[in-house]
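Protein chains in written order, with this note's numbering: chain A, 1 to 430; chain B, 1001 to 1120. So the structure is just underneath, and the comments pick up after that.
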Amino acid sequence: MPVEVNHPSSELVDHLFRTSAGQMVSHLTRLLGPEHLDLAEEVVQDSLLKALQLWPHSGVPDNPAGWLFRVARNAALDAVRHRGLTVEKAPAVTAEILRGALPSVNDVTELEEQLRDDELRMVLMCCHPLLSPDARAALSLKTVGGFSVREIARAFLADEAAISQRLVRAKRQIRELKIRFELPTGRDLVARLDSSLEVLYLMFNEGYAALSGEELVRQELCREALRLAQLLAASSVGIPTAAALVALMAFQAARLPARVDAGGELVLLEDQDRALWDQGLIALGFHHFSMCAEGEAITPYHVQAAIAATHARAQNGEDPDWRMILEYYDQLMELGPSPIVALNRAVALSKVENAAAALSALDPLAHEPALKHYYLLPAVRGQMLVQVGDWEAASQCFREALERPCSEPERRFLQRKQAECRALTEGPRI
Amino acid sequence: MSQYLLLLYDNPANWKNFSPADMQKAIEKYMAWRAKLQNQGILRGGQKLADDVGKVLRSGNPAVRVTDGPYSETKEVLGGYFLLEAPDYPTAVKASRDCPHLEYGGTIEVRQVDDSVPNR
């Protein structure tokens, strides 16, 4: 019986398992081929499970990620050799796994580069235009993101079975359509990048909508979307638009800690304590914002990043340059008019002109089908009516907003506003 | 002071649907528990057992029978052990009580090593 006890190594790096899982699945999918994505996922899951069963007893190995990789690669190799798996160029795969299983110290940078490249290809594969749009984000999260089906379901407020089905269908499509793991070129590459950026933007917004602690997994979406967008922006196929998206996400993510106060109550942008904004993310945002200006094209991501940058430039207690922001919203309306943009533009308009002007701008949106379930339309209208002193109509707006889906902190905010308006309507007039 | 063996049983299927993040969290909990015992100076050892079912030897006539382990029908398997040094059972049980193994649906059997005849 061994008397000696291994001393546990330092703690595990945050998100190590999730990140490693994504890297390993991407890596093994390149080696085994996209048709064996399930197998790649299976051996990766098994290697993590092995760690879970072994490390509590033996201690964490010196290089935990390397350990996981070695175990997963060996399992993959085993599958190729013994399960009679049809893998294209099986001997070459075996050779590469064997070679990669023992990376020399000098190869570490090379290996890291290879892994980043694998992840990039995986994102681009998951966002293939032939896959159904609702499967792309789920598949990206499952494979490169290292999320489980349950986590994806929670993040998208969807049913686990529905997500599961979506994934199964997408994997079948990959097999049947023989979608490759290679980097596309030319026009295909442009289409694939566009689709990828759209998926990451959606992923980020889903996460950003989360406000309370129990929705933490949704905020993980923001982190993952930002990480993958950075990966795209830094890659050889990176385009200025990817940098624009990184800038936009970084500025937005920087504000996450200030959006809810210590009591869990919603804090509006103009009331936020800017000292709470994450300065590292702000810096990341400005860095990518200058990078995105290098291209010729101006996309909605560029303009939205410009708006976020204008907010980020304002100091504590100071108004941002609303005139500038309004101009950007005008530009956004030209690039891609949408009811949501129009709604946000109205808020900027209220700052530059007044609430009455904003109310006129909101009127045409009243019957917009896209905003039918969007609580922010009546909520913003209510705010404007408060500013013009029409408490009764404002109260009615907040009541309407409360009938639409929103998060708990948002609900409490609306209830507070409605109560204030009611008190002003019914209370004694001075 | 006596030695106590903590036998950790669990059902591996319990872990099947754990996400990578869940697994990392579980490992961190185990490591924290382990570190606590180490700081208290009562941890003497511990190993994970291999994943196979093992072998069982039974006396028989005319020959000893060797079969595969006893786990083929049960879902819970003996996955590993820890060895503690503690003054009495209550102390050993108390140290085991906050082992994350229990939180994750496992079972811990605590057995005292009989040292009534000292080992040289």
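Just so you know, even glycine gets a beta-carbon here, dropped at the ideal spot from N, CA and C.
Helix, strand or coil at residue i according to DSSP, with G and I counted as helix
i          : result
Tyr374(A)  : coil
Ser338(A)  : coil
Tyr1009(B) : strand
Val105(A)  : Because the pLDDT of Val105(A) is 46, which lies under 50, any placement of that residue in the model is unreliable, and the question is left without a value.
Val260(A)  : strand
Tyr1104(B) : coil
Ser1002(B) : strand
Gln230(A)  : helix
Ala210(A)  : coil
Gly66(A)   : helix
Lys1029(B) : helix
Gln272(A)  : coil
Leu12(A)   : coil
Val3(A)    : Model confidence at Val3(A) stands at a pLDDT of 38, short of 50, so the residue's coordinates are unreliable; what they give is reported in the following sentence. Three-state result, Val3(A): coil.
Ala393(A)  : helix
Phe181(A)  : coil
Glu113(A)  : helix
Gly146(A)  : coil
Lys1036(B) : helix
Gly1079(B) : strand
Thr299(A)  : coil
Gly1046(B) : strand
Glu1109(B) : strand
C-alpha gap between residue i and residue j, whole angstroms
i          : j          : result
Pro1020(B) : Gly146(A)  : 6 Å
Val105(A)  : Gly264(A)  : With a pLDDT of 46 at Val105(A), under the threshold of 50, the modelled position of that residue is not reliable, and the figure given next carries that caveat. Those two C-alpha atoms are separated by around 48 Å.
Leu231(A)  : Arg116(A)  : 7 Å
Ala170(A)  : Glu160(A)  : 15 Å
Val303(A)  : Met324(A)  : 11 Å
His1101(B) : Gly1046(B) : 14 Å
Ala153(A)  : Ser338(A)  : 28 Å
Gln396(A)  : Leu256(A)  : 30 Å
Ala262(A)  : Leu276(A)  : 12 Å
Glu403(A)  : Ala76(A)   : 52 Å
Ala1050(B) : Cys126(A)  : 37 Å
Arg218(A)  : Tyr374(A)  : 19 Å
Asn316(A)  : Ala393(A)  : 33 Å
Gly59(A)   : Met1031(B) : 7 Å
Arg422(A)  : Arg412(A)  : 15 Å
Arg180(A)  : Ser236(A)  : 19 Å
Leu349(A)  : Ser196(A)  : 33 Å
Pro61(A)   : Trp55(A)   : 8 Å
Pro1012(B) : Leu39(A)   : 19 Å
Gln165(A)  : Asn74(A)   : 30 Å
Ser148(A)  : Ala283(A)  : 32 Å
Glu41(A)   : Arg1097(B) : 35 Å
Proximal residues to residue i (C-beta, below 6 Å), its chain only, five neighbours per side dropped
i          : result
Arg192(A)  : Leu124, Pro184
Ala1086(B) : Tyr1004, Ile1042, Ala1092
Val1113(B) : Gln1003
Val1064(B) : Leu1057
Arg18(A)   : Gly146
Ala314(A)  : Pro320
Nonlocal neighbours in the same chain, by C-beta distance under 8 Å from residue i, ignoring five residues either side
i          : result
Arg259(A)  : Leu211, Leu266, Val267, Gln272
Phe156(A)  : Ala137, Ala138, Ile163, Glu206
Val1056(B) : Val1066, Thr1067, Asp1068, Gly1069, Pro1070
Phe1018(B) : Ala1026
Gly441(A)  : Beyond the ends of chain A as shown, which are 1 and 430, falls residue 441(A); an answer cannot be given.
C-beta atoms of residue i and residue j nearer than 9 Å
i          : j          : result
Leu1078(B) : Leu1005(B) : no
Val43(A)   : Met122(A)  : no
Val80(A)   : Lys50(A)   : no
Ala225(A)  : Met203(A)  : yes
Ala297(A)  : Gln279(A)  : no
Pro64(A)   : Leu12(A)   : yes
Leu326(A)  : Leu343(A)  : no
Phe251(A)  : Leu221(A)  : no
Sequence-distant residues of its chain with Cβ nearer than 7 Å to residue i (five each side left out)
i          : result
Ala229(A)  : Leu200, Ala242, Leu245, Val246, Met249
Lys1048(B) : Gly1079, Gly1080
Ala355(A)  : Met384, Gln387, Val388
Glu119(A)  : Gly22, Gln23, Ser26, Val144, Leu231
Gly1106(B) : Leu1008, Tyr1009, Asp1010
Ala442(A)  : Because chain A in this structure spans residues 1 to 430, residue 442(A) falls outside the shown range and cannot be described.
Contacts of residue i in chain E (Cβ-Cβ under 8 Å)
i          : result
Asn1011(B) : As a matter of chain content, chain E is missing from the structure shown, whose protein chains are A and B.
query: Relative to chain B, which residues along the stretch 28 to 60 of chain A have a C-beta separation below 9 Å, given in chain order?
result: So the close ones are Val44, Gln45, Leu48, Leu49, Lys50, Ala51, Leu52, Gln53, Leu54, Trp55, Pro56, His57, Ser58, Gly59, Val60.
- prompt: Which residues, in chain order, does the stretch 138 to 167 of chain A contribute to contact with chain B at a C-beta distance below 9 Å?
  reply: Taking 9 Å as the Cβ-Cβ cut-off, the stretch 138 to 167 of chain A approaches chain B at Gly146, Phe147, Ser148, Val149, Arg150, Glu151, given in chain order.
query: For the stretch 12 to 23 of chain A, which residues have a CB atom closer than 7 Å to at least one CB atom of chain B, in sequence order?
result: Taking 7 Å as the Cβ-Cβ cut-off against chain B, the residues of the stretch 12 to 23 of chain A that qualify are Leu12, Leu16, Phe17, Arg18, Ala21.
task: Give, in chain order, every residue of the stretch 1060 to 1092 of chain B whose Cβ lies closer than 9 Å to some Cβ of chain A.
output: The residues in question are Gly1079, Gly1080, Tyr1081, Phe1082, Leu1083.
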